[in-house]
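Asks: This is the structure I have questions about; it appears just below.
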């Protein structure tokens with residue numbers, strides 16, 4: 016298969032400006048899609064429509080009101096109680112201003128908590144716990160504190176047990192057709208905090224809640240694009256200048272990687288692919304991939320210049336040598352990235368699609384624009400590259416001389432490290448997807464330490480039918496389950512409809528403590544509930560706790576920051592208690608954001624195992640066809656499959672747990688680690704078949720022609736992905752770290768295991 020025709024080579028050599036012009040027009044056309052990119056930072060976009068946990072979550076929202084919240088959590092710096100005059104005054108003002116948050120539908124705090132009290136026989140008063148115009152004298156404040164301490168709906172949700180920390184919870188219903196609504200909500204919330212702190216400097220206020228999760232994803236990706244992208248660009252430029260000693264070649268490479276990255280993002284605009292936090296890393300991945308293509312062509316051209324060829328002949332010879340392997344590595348890289356579409360998470364599907372297209376664009380520009388730019392550049396002989404090529408030959412001699420020892424040692428090390436992988440367990444802490452550089456993580460940790468966890472789990476507990484939530488049997492079982500949940504060490508707070516009914520029953524009976532229990536008569540309970548609902552003000556009704564026909568109620572459970580394994584144990588424990596102690600019609604599985612993220616790792620791991628296997632099969636098929644050798648195609652599986660095993664084995668030495676990011680490592684890395692294998696095997700086969708050399712000299716030829724380019728491109732890939740390790744977004748940080756280790760392992764195995772195995776295989780073939 017001729018990847019470069021004589022006419023094409025003539026066009027590159029004779030009309031480089033024409034090639035540059037056509038390439039630039041094509042690049043400009045792709046880039047024109049950039050303005051059409053639409054942003055989304057909705058955390059729900061992480062889940063497909065087929066995800067059962069998302070479906071359950073949305074059904075819960077349709078049954079009750081929105082579950083999305085913004086939480087203002089605060090305390091006084093001087094250690095005063097929130098129930099003090101200053102604390103209540105601040106809470107009252109924050110509660111009022113909370114209604115100004117975009118898309119707000121409800122505001123809950125200790126001051127507007129709907130308190131009930133008896134005002135005569137068979138009548139109650141329902142009003143704010145702290146009415147607007149009530150004087151805040153000591154007597155009143157003491158009564159407020161006494162009420163709060165006996166109210167389970169407030170304790171550890173709206174006020175801490177030590178009364179030093181409180182929260183105002185704003186419920187919001189962001190429109191589904193506005194993907195940046197979370198940013199609007201966050202902006203207004205932060206402006207409100209700034210205004211309040213100017214007036215109340217004694218307060219510390221932190222911002223958390225489900226809407227801030229979406230904002231955290233967005234801010235983490237924006238931070239990375241502002242910091243990591245320039246750092247990576249600088250590192251690539253500096254490393255290429257140092258290793259190749261050619262400024263023109265480096266600048267040409269930078270033009271190609273910038274155009275490839277911009278083109279990949281432009282494609283997402285044309286294709287209508289939304290830009291989410293994970294997919295925003297696509298430009299970084301595309302840049303890393305594009306470097307490898309350019310480096311091979313550049314180094315080969317410099318090697319040919321060192322052998323005495325003129326610039327034009329050297330570039331054309333480099334294209335002849337590298338056209339097929341560069342095309343093959345680009346295709347295999349794209350296959351690996353495209354396999355991310357097997358993911359159960361749309362943002363990572365988008366990342367794979369955009370990065371895969373970017374990898375193919377990088378190939379197009381590397382064989383058109385890049386050599387044309389080199390034709391117009393002063394491509395001088397590089398003594399550095401010539402020296403490195405000579406070192407590669409010496410290295411090949413050392414490998415061949417010690418082939419048996421190196422083959423056995425590399426196999427033993429690979430098997431030993433791979434055997435450590437079973438030590439790793441899959442475990443995630445969703446709230447720790449971000450490090451302390453992200454405001455949401457700091458606010459969440461602070462809230463957990465001072466008030467309660469922020470993981471909210473919801474149950475929709477059904478009754479026997481319409482109006483059934485007033486049934487004493489239902490209320491009794493619900494109260495028992497709520498009481499059991501409160502006794503669990505993992506639980507910080509429980510909001511149960513049974514607590515409301517207990518409080519109403521007490522108030523309807525003269526506020527006598529002995530009547531703090533569920534009503535004993537269904538009709539009476541229904542009347543109590545109706546009276547209570549009619550007394551509630553706008554925005555504070557029970558729609559967030561009971562459904563329209565009063566056949567089910569929502570049970571809200573706030574847990575500590577549990578890992579996926581801890582949560583699974585808690586869920587099993589809760590389910591076992593529920594099934595043994597409540598009637599079947601009340602049995603319900605939990606739902607909510609924490610539930611969805613708790614299982615996203617396992618669902619993606621299961622899906623990506625299939626995706627990775629498909630990618631390996633396709634890549635192996637490509638290698639067999641391209642190398643025209645089934646034997647070499649099968650040989651390539653060893654250095655291509657071993658690096659991820661080695662990387663995770665090394666990881667297992669230092670860590671015992673892996674997370675959500677695990678499922679994306681092999682798919683991201685496979686196409687990249689194939690690069691070295693393809694170039695070595697293609698040169699090895701060329702030497703064996705065309706030049707007629709034996710196995711050992713073919714290994715020397717491979718190292719002499721591509722060894723320098725391979726180590727330079729591999730180091731660029733390693734440092735490129737290591738830059739991601741500095742991301743505050745844990746998934747991308749760990750992905751960057753493990754892919755870096757994988758590429759390093761691939762480089763070592765391709766330089767040690769692959770050549771020694773080829774020589775051993777050839778020797779065995781000759782004997783047979």
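In the working numbering, the protein residues as written are 16 to 783.
From the three backbone atoms N, C-alpha and C, an ideal C-beta is built for every residue, glycine too.
In whole angstroms, what is the alpha-carbon distance linking residue 56 and residue 704?
Replies: Within the chain shown, numbered from 1, the residue matching residue 56 stands at position 41. Within the chain shown, numbered from 1, the residue matching residue 704 stands at position 689. Going from the Cα of residue 56 to the Cα of residue 704 covers about 54 Å.
Asks: Extract the residue ranges of the alpha helix (DSSP H) inside the segment 607 to 648, only unbroken runs of 4 or more that lie entirely within it.
Replies: If we require 4 residues or more, the alpha helix (DSSP H) runs fully inside the segment 607 to 648 come out as 608 to 642.
Asks: Within 10 angstroms of its Cβ, does residue 114 collect 16 or more other Cβ (buried), or is it exposed?
Replies: Taking the first residue of the chain shown as 1, we reach residue 114 at position 99. Looking at its Cβ environment, which holds fewer than 16 other Cβ atoms inside 10 Å, residue 114 is exposed.
Asks: Keeping to the same chain, check which residues put their C-beta closer than 7 Å to that of residue 31; ignore five residues upstream and five downstream.
Replies: Counting from one through the chain shown, the residue named residue 31 turns up at place 16. Counting only Cβ-Cβ distances below 7 Å, and skipping sequence neighbours, we find 387, 390 and 391.
Asks: Under a three-way DSSP split, which group does residue 89 fall into?
Replies: What you label residue 89 is simply residue 74 of the chain shown in a count that begins at 1. The answer is strand: DSSP assigns residue 89 an E or B state.
Asks: If we count the other Cβ atoms within 10 Å of its Cβ and call it buried at 16 or more, is residue 159 buried or exposed?
Replies: For the purposes of this step, residue 159 is identified with residue 144 of the chain shown, where counting begins at 1. Counting Cβ neighbours within 10 Å, residue 159 comes out buried, since at least 16 surround it.
Asks: Just list the alpha helix (DSSP H) runs in the segment 183 to 253, keeping only unbroken ones of 4 residues or longer that don't cross its boundaries, in chain order.
Replies: Fully enclosed alpha helix (DSSP H) runs of 4 or longer: 196 to 214.
Asks: Could you pull the start and end residues of the beta strand (DSSP E) that residue 476 belongs to?
Replies: For the purposes of this step, residue 476 is taken as residue 461 along the chain shown, with counting starting at 1. 470 to 477 is the span of the beta strand (DSSP E), which, as asked, contains residue 476.
Asks: Kindly indicate which residue of 572, 200, 130 and 218 has the alpha-carbon position closest to the one of residue 96.
Replies: On the chain shown, position 81 is the one that residue 96 refers to. Answer by Cα proximity: 218.
Asks: Hey, quick one: how far does the beta strand (DSSP E) through residue 140 stretch, first residue to last?
Replies: Here the question's residue 140 lines up with position 125 in the chain shown. That run of the beta strand (DSSP E) goes 139 to 143.
Asks: From residue 590 to residue 495, what does the alpha carbon distance come to, in whole angstroms?
Replies: In the chain shown, the residue the question calls residue 590 occupies position 575. In the chain shown, the residue the question calls residue 495 occupies position 480. Going by the C-alpha atoms only, they are around 14 Å apart.
Asks: Ends of the alpha helix (DSSP H) at residue 712?
Replies: The residue given as residue 712 occupies position 697 in the chain shown. Residues 710 to 717.
Asks: Quick one: residues in its chain with C-beta nearer than 6 Å to the C-beta of residue 16, no 5 flanking neighbours on either side, listed in chain order?
Replies: On the chain shown, position 1 is the one that residue 16 refers to. For residue 16, the predicted structure reports a pLDDT of 41, less than 50, and the residue's modelled location is therefore unreliable. A value from the coordinates is still provided. None.
Asks: Enumerate in chain order the residues of its own chain whose CB-to-CB distance from residue 459 is below 7 Å, with the five nearest sequence positions on each side excluded.
Replies: Translated into positions along the chain shown, residue 459 becomes position 444. 223, 446 and 469.
Asks: Report yes if the CB atom of residue 561 is closer than 8 Å to the CB atom of residue 634, and no otherwise.
Replies: On the chain shown, position 546 is the one that residue 561 refers to. On the chain shown, position 619 is the one that residue 634 refers to. Not in contact: residue 561 and residue 634 (Cβ atoms no closer than 8 Å).
Asks: Which of the three DSSP states is assigned to residue 123 in this structure?
Replies: Residue 123 sits at position 108 when you count from the first residue of the chain shown. The answer is strand: DSSP assigns residue 123 an E or B state.
Asks: So residue 341 packs on residue 381, CB below 8 Å; how close in whole Å?
Replies: Here residue 341 refers to the residue found at position 326 when the chain shown is read from its first residue. Here residue 381 refers to the residue found at position 366 when the chain shown is read from its first residue. Going by Cβ atoms, the distance from residue 341 to residue 381 rounds to 6 Å, so yes, they are a contact pair.
Asks: For the candidate residues 462, 333, 576 and 628, whose alpha-carbon lies nearest to that of residue 504?
Replies: Your numbering for residue 504 matches position 489 in the chain shown. Closest option to residue 504, Cα to Cα, is 576.
Asks: Reducing DSSP to helix, strand and coil, say where residue 54 ends up.
Replies: Working through the chain shown from its first residue, we reach residue 54 at position 39. Residue 54 falls in the strand class under three-state DSSP.
Asks: So, with DSSP's three-state summary, where would you put residue 84?
Replies: Your numbering for residue 84 matches position 69 in the chain shown. Looking at residue 84 - three-state DSSP - the assignment turns out to be strand.
Asks: Since residue 705 is in the beta strand (DSSP E), which residue starts that stretch and which ends it?
Replies: Here the question's residue 705 lines up with position 690 in the chain shown. Run containing residue 705: none; DSSP gives neither H nor E here.
Asks: Nearest to residue 177 by CA position, among 617, 139 and 164, is which residue?
Replies: By 1-based counting over the chain shown, the position of residue 177 is 162. Of the listed residues, the one whose Cα sits closest to residue 177 is 164.
Asks: For residue 770, which residues of its own chain have a beta-carbon under 6 Å away from its beta-carbon, when the five flanking residues on both sides are left out?
Replies: Here the question's residue 770 lines up with position 755 in the chain shown. Correct list, in chain order: 414 and 714.
Asks: For the putative contact between residue 751 and residue 730, defined by C-beta atoms under 8 Å, what is the C-beta separation to the nearest angstrom?
Replies: Position 736 of the chain shown, counted from the start, is the residue given in the question as residue 751. Position 715 of the chain shown, counted from the start, is the residue given in the question as residue 730. With 8 Å as the limit, residue 751 and residue 730 do not qualify as a contact, their Cβ atoms being about 15 Å apart.
Asks: Between residue 465 and residue 90, is the Cβ-Cβ spacing less than 8 Å?
Replies: As a working mapping, residue 465 is identified with position 450 in the chain shown. As a working mapping, residue 90 is identified with position 75 in the chain shown. Yes; because the gap between Cβ atoms is below 8 Å, this pair is in contact.
Asks: Leaving out five residues on either side along the sequence, give the residues of the same chain with a beta carbon under 7 Å from the beta carbon of residue 593.
Replies: Residue 593 sits at position 578 when you count from the first residue of the chain shown. Contacts found: 496 and 602.
Asks: Given a threshold of 16 other Cβ atoms within 10 Å of its Cβ, counted over all protein chains shown, does residue 747 qualify as buried or as exposed?
Replies: Along the chain shown, one-based indexing puts residue 747 at 732. Counting Cβ neighbours within 10 Å, residue 747 comes out buried, since at least 16 surround it.
Asks: Which residue or residues does DSSP assign as beta-bridge partners of residue 508?
Replies: Within the chain shown, numbered from 1, the residue matching residue 508 stands at position 493. DSSP lists 573 as partners of residue 508.
Asks: Could you name the residues that DSSP lists as bridge partners for residue 130?
Replies: Locating residue 130 in the chain shown gives position 115, where the first residue counts as 1. Its beta-bridge partners are 142.
Asks: Can you tell me where the alpha helix (DSSP H) with residue 666 in it begins and where it stops?
Replies: Position 651 of the chain shown holds residue 666. Where residue 666 is concerned, the enclosing alpha helix (DSSP H) stretches over 652 to 669.
Asks: Quick check: the segment 297 to 310 against the segment 70 to 77, are there 3 or more CB pairs under 8 Å?
Replies: The segment 297 to 310, when compared against the segment 70 to 77, does not touch it at the 8 Å Cβ threshold.
Asks: Return the bridge partner residues of residue 672 from the DSSP annotation.
Replies: Mapped onto the chain shown, residue 672 falls at position 657. Looking at the DSSP assignment, residue 672 forms a beta bridge with 440.
Asks: Which residues in the same chain as residue 443 place their Cβ atom closer than 6 Å to its Cβ, once the five residues preceding and following it in sequence are excluded?
Replies: Position 428 of the chain shown, counted from the first residue, corresponds to residue 443. Excluding positions up to five away in sequence, the list reads 579, 616, 674 and 675.
Asks: Can you find the residues in the same chain that come closer than 8 Å, C-beta to C-beta, to residue 101, ignoring five residues on each side of it along the sequence?
Replies: On the chain shown, residue 101 is found 86 positions in, with the first residue counted as 1. 91, 95, 215 and 217.
Asks: Would you tell me roughly how many angstroms separate the C-alpha atoms of residue 774 and residue 649, rounded to the nearest one?
Replies: Here residue 774 refers to the residue found at position 759 of the chain shown. Here residue 649 refers to the residue found at position 634 of the chain shown. Residue 774 and residue 649: Cα-Cα distance of roughly 15 Å.
Asks: List the residues that DSSP assigns as beta-bridge partners of residue 290.
Replies: The residue labelled residue 290 in the question sits at position 275 within the chain shown. Per DSSP, 54.
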